[in-house]
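Colleague: Provided herewith is a single structure, encoded as structure tokens, for subsequent inquiry.
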Amino acid sequence: IRGCAERYGHRYVEDAAGNLMVYLNATPGYEDKAPMLLQAHMDMVSAKEPGSNHNFLTDPIRLHIEDGHYLYADDTTLGADNAVGLVNMLALMEDDTVVHPPMELLFTVCEEDGMEGIRQLDMSTIRSRRMLNMDCGDPDVMCVSCAGFVHYVMRLPVTAAGAAGQAYTLQIAGLAGGHSGLMIGTGRASAVVLMGRVLCELLRKVPCRIVSVDCERTMGIAPHMQAEIVLKPEQEPDARKVLEDLLAALREEYANTDPELSLTLEPLGHEADQAMDEASGRRCAELMYLLPYGVMKYDSCDRDVILNSVKQMIRSPIDAYKWELVDRLRILAELTGASLVVQDSYAGWPFRKDSPLQQLCCQVYNRLTGQELKIEKLNSCAETGEIAGAIPDMDIVALAPWGRGAHTPREHLDLDTLQPFWEFLTALLRAMCEEA
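Under the working numbering, think of the first position of the sequence shown as 9, with each following residue one higher.
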């Protein structure tokens, strides 16, 4: 990005966090028009299929196209989240035929890791009071608000005790996973909650012992999880029967959302001599099983709008809803002997009814396509929340080319939407120059 700015003579500033702001002078004759801010983030979620040996620090993302126009990566996330925004801003930096007002192009870091990049940005450096974010929305869908979040952890003290028996790995895999904001209302299973359910069922019927539970850290819906348990030789047939019956029930329950769900029990080839004591194991399983997951509240005026959802990150555009759910989770933690710690919180981007930028986008889209631009309010978090919180009079919209499967190895981008999006973007910028 720096190299592109230097080649085309654009001034840029890089802050201590690594965020880059590139400044584009207005097309001659439009220097007095109000400036426009475009924004996208430079990092991606590094998720890969189980068993993949891909190293994100050294290996390139390998690409392939399906059905003639869907771009995928081989067994990893694609990175279209948020490269679709980056490429459009780079194209604006290179193309001097686009008519546009003064432009501020903001490239941020660490969005996927708690929005840390944008949160270190000096907002006083931003002159624009209208903004296009390219991290959400579709070419025919304009996002006009998003959730904020409270990120929490629960800590459960456990006691170890001697154990006798064979060690086994109990694994839940094959879940669809997905973006924890965009896909939370689809009914997809969480491996964490399912593991709690499986362990509770197993502990009720076969008095096994739990050694550990482990879930790979993810900002999305957990697609797999494993536990280590201890079984005596005579318990193994009963345990396998319990798991077989439970797997059949789960596959029926999640046939539409998680058709590849699997539940396996494999011996580790060694004896176990330590495990959680029975009380600790029971509390661990019950806490996972009872964790609130999914949609907690919908907008009473619009059932398509999620106001509150939970996945170890509570999301809502309304602060009161978030903190009420924190109180409920704290009570749940205390009932199971755990404690809840709020690690971070983040403001949402509220819907603005009187938005001139929304109106202009709708007019431009209708003129280009003859269709109406759809409106969406997202349950996912976005950097727009930090900007809206710091600059309350910023008029914000979000659109982007069509992408699906963000934060999973099935992430894909519809290449056929790139050109229409570019045509909309350049038409919007021209319309800003033609405004009275």
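All C-beta atoms in this analysis are idealised placements derived from N, C-alpha and C, irrespective of residue type, glycine included.
Of the residues 267, 259, 180 and 26, which one's Cα is nearest the Cα of residue 236?
Modeller: By one-based count along the sequence shown, residue 236 stands at place 228. It is 180 whose Cα lies nearest to the Cα of residue 236.
Colleague: Taking only runs of the beta strand (DSSP E) that begin and end inside the region 119-205, which ones reach a length of at least 3 residues, in chain order?
Modeller: 138-141, 149-163 and 168-181
Colleague: Going by beta-carbon coordinates alone, are residue 25 and residue 169 separated by less than 8 Å?
Modeller: Here residue 25 refers to the residue found at position 17 when the sequence shown is read from its first residue. Here residue 169 refers to the residue found at position 161 when the sequence shown is read from its first residue. Their beta carbons are not under 8 Å apart, which means residue 25 does not touch residue 169 by this criterion.
Colleague: Report the three-state DSSP secondary structure of residue 410 (helix, strand or coil).
Modeller: Against the sequence shown, residue 410 aligns to sequence position 402. Looking at residue 410 - three-state DSSP - the assignment turns out to be coil, as it is neither helix nor strand.
Colleague: Let's test the definition: count the other Cβ atoms within 10 Å of the Cβ of residue 330 and tell me whether it reaches 16, buried, or not, exposed.
Modeller: Indexing the sequence shown from 1 puts residue 330 at position 322. Looking at its Cβ environment, which holds 16 or more other Cβ atoms inside 10 Å, residue 330 is buried.
Colleague: With DSSP as the reference, label residue 78 as helix, strand or coil.
Modeller: Reading the sequence shown from its first residue, position 70 is the one you call residue 78. DSSP places residue 78 in strand when its eight states are reduced to three.
Colleague: Could you work out which residue in 122, 186 and 352 is closest to residue 158 when comparing CA atoms only?
Modeller: Position 150 of the sequence shown holds residue 158. The shortest C-alpha separation from residue 158 is found at 352.
Colleague: Consult DSSP for residue 112 and reduce its assignment to one of helix, strand or coil.
Modeller: Position 104 of the sequence shown holds residue 112. Here residue 112 sits in strand by DSSP.
Colleague: In chain order, what are the residue ranges of uninterrupted alpha helix (DSSP H) at least 4 long that sit wholly in the region 239-292?
Modeller: 244-261
Colleague: Along the chain, where does the alpha helix (DSSP H) containing residue 335 start, and where does it finish?
Modeller: As a working mapping, residue 335 is identified with position 327 in the sequence shown. Residue 335 -> alpha helix (DSSP H) spans 327-343.
Colleague: So, with DSSP's three-state summary, where would you put residue 53?
Modeller: Here residue 53 refers to the residue found at position 45 of the sequence shown. Reduced to three states, the DSSP call for residue 53 is coil.
Colleague: Three Cβ pairs or more, each shorter than 8 Å: is that satisfied between the region 74-84 and the region 99-114?
Modeller: Flag = no, the region 74-84 and the region 99-114 do not touch.
Colleague: Give me the residue from 335, 384 and 372 with the minimum Cα distance to residue 429.
Modeller: Numbered from its first residue, the sequence shown carries residue 429 at position 421. Nearest option by C-alpha distance: 372.
Colleague: Could you say which of 127, 42 and 416 lies nearest to residue 86 if we only look at CA atoms?
Modeller: One-based indexing of the sequence shown puts residue 86 at position 78. Closest by alpha carbon: 416.
Colleague: Could you check whether residue 270 and residue 182 sit closer than 8 Å to each other, using their CB atoms as the reference points?
Modeller: Along the sequence shown, read from residue 1 onward, the residue named residue 182 stands at position 174. Along the sequence shown, read from residue 1 onward, the residue named residue 270 stands at position 262. Yes, the pair counts as a contact, with Cβ atoms nearer than the cut-off.
Colleague: Where DSSP assigns a beta bridge to residue 84, which residues make up the other side?
Modeller: By 1-based counting over the sequence shown, the position of residue 84 is 76. Paired residues: 56.
Colleague: Suppose you measure from the CA of residue 193 to the CA of residue 186; what does that come to, to the nearest Å?
Modeller: For the purposes of this step, residue 193 is taken as the residue at position 185 of the sequence shown. For the purposes of this step, residue 186 is taken as the residue at position 178 of the sequence shown. In a straight line, the C-alpha of residue 193 is about 11 Å away from that of residue 186.
Colleague: Three-state secondary structure (DSSP) at residue 304?
Modeller: Position 296 of the sequence shown, counting from 1, holds the residue named residue 304. In this structure, DSSP gives residue 304 an extended state, which the three-state scheme calls strand.
Colleague: Given a threshold of 16 other Cβ atoms within 10 Å of its Cβ, counted over all protein chains shown, does residue 71 qualify as buried or as exposed?
Modeller: Start at 1 with the first residue of the sequence shown, and residue 71 comes out as number 63. Flag for residue 71 reads exposed.
Colleague: Report the residue from 337, 94, 356 and 240 whose alpha carbon sits nearest the alpha carbon of residue 218.
Modeller: Position 210 of the sequence shown holds residue 218. Closest option to residue 218, Cα to Cα, is 240.
Colleague: Taking the beta carbon of residue 404 as the centre, do at least 16 other beta carbons fall within 10 Å, making it buried, or is it exposed?
Modeller: In the sequence shown, counting from the first residue as 1, residue 404 sits at position 396. Burial call: buried.
Colleague: Pick helix, strand or coil for residue 32, following the three-state DSSP scheme.
Modeller: For this step, residue 32 is matched to residue 24 along the sequence shown. DSSP places residue 32 in strand when its eight states are reduced to three.
Colleague: Using only alpha-carbon positions, find the residue among 12, 173 and 28 that is nearest to residue 278.
Modeller: In the sequence shown, the residue the question calls residue 278 occupies position 270. Closest option to residue 278, Cα to Cα, is 173.
Colleague: Under the DSSP definition of a beta bridge, which residues are partnered with residue 420?
Modeller: Position 412 of the sequence shown, counted from the first residue, corresponds to residue 420. Residue 420 pairs with 80 and 412.
Colleague: With a CB to CB cut of under 6 Å and the five nearest residues on each side skipped, what residues in its chain are close to residue 97?
Modeller: Taking the sequence shown and counting its residues from 1, one reaches residue 97 at position 89. So the list reads 46 and 113, once near-sequence residues are dropped.
Colleague: Determine the contact status of residue 321 and residue 200, defining contact as a CB-CB distance below 8 Å.
Modeller: As a position in the sequence shown, residue 321 is number 313, starting the count at 1. As a position in the sequence shown, residue 200 is number 192, starting the count at 1. Taking 8 Å as the Cβ cut-off, residue 321 and residue 200 do not qualify as a contacting pair.
Colleague: Taking residue 272 as the reference, give the member of 233, 293 and 69 with the closest Cα.
Modeller: Sequence index remark: in the sequence shown, residue 272 carries index 264 (1-based). When only C-alpha atoms are compared, the closest one is 233.
Colleague: Can you tell me whether residue 361 is helix, strand or coil according to DSSP?
Modeller: Taking the sequence shown and counting its residues from 1, one reaches residue 361 at position 353. Three-state DSSP puts residue 361 in coil, outside helix and strand.
Colleague: Between the beta-carbon of residue 125 and the beta-carbon of residue 354, is there less than 8 Å?
Modeller: To locate residue 125, count along the sequence shown from 1; it is residue 117. To locate residue 354, count along the sequence shown from 1; it is residue 346. For residue 125 and residue 354, no; Cβs fall outside 8 Å.
Colleague: Would you mind working out which of 198, 434 and 119 sits nearest residue 258, comparing C-alpha positions?
Modeller: As a working note, residue 258 is residue 250 in the sequence shown. Closest option to residue 258, Cα to Cα, is 198.
Colleague: What does a CB cutoff of less than 8 Å around residue 344 pick up in its chain, not counting 5 residues either side in sequence?
Modeller: One-based indexing of the sequence shown puts residue 344 at position 336. Answer for residue 344: 164, 291, 294, 295 and 298, listed in chain order.
Colleague: Quick check on the DSSP output: the beta strand (DSSP E) that includes residue 22 runs from which residue to which?
Modeller: As a working note, residue 22 is residue 14 in the sequence shown. It spans 19-22 - the beta strand (DSSP E) in which residue 22 sits, taken as one unbroken run.
Colleague: Is residue 431 helix, strand or coil by DSSP?
Modeller: If you number the sequence shown from 1, residue 431 lands on position 423. Residue state, collapsed to three classes: helix.
Colleague: To the nearest angstrom, report how far apart residue 435 and residue 138 are at their CA atoms.
Modeller: If you number the sequence shown from 1, residue 435 lands on position 427. If you number the sequence shown from 1, residue 138 lands on position 130. Looking at the two C-alpha atoms, the distance is approximately 16 Å.
Colleague: Is it buried or exposed for residue 427, if we count other Cβ within 10 angstroms and need 16 for buried?
Modeller: Here residue 427 corresponds to residue number 419 of the sequence shown, with the count starting at 1. Classification for residue 427: exposed.
Colleague: Is the separation between the beta-carbon of residue 177 and that of residue 274 shorter than 8 Å?
Modeller: On the sequence shown, residue 177 is found 169 positions in, with the first residue counted as 1. On the sequence shown, residue 274 is found 266 positions in, with the first residue counted as 1. In contact: residue 177 and residue 274 (Cβ atoms closer than 8 Å).
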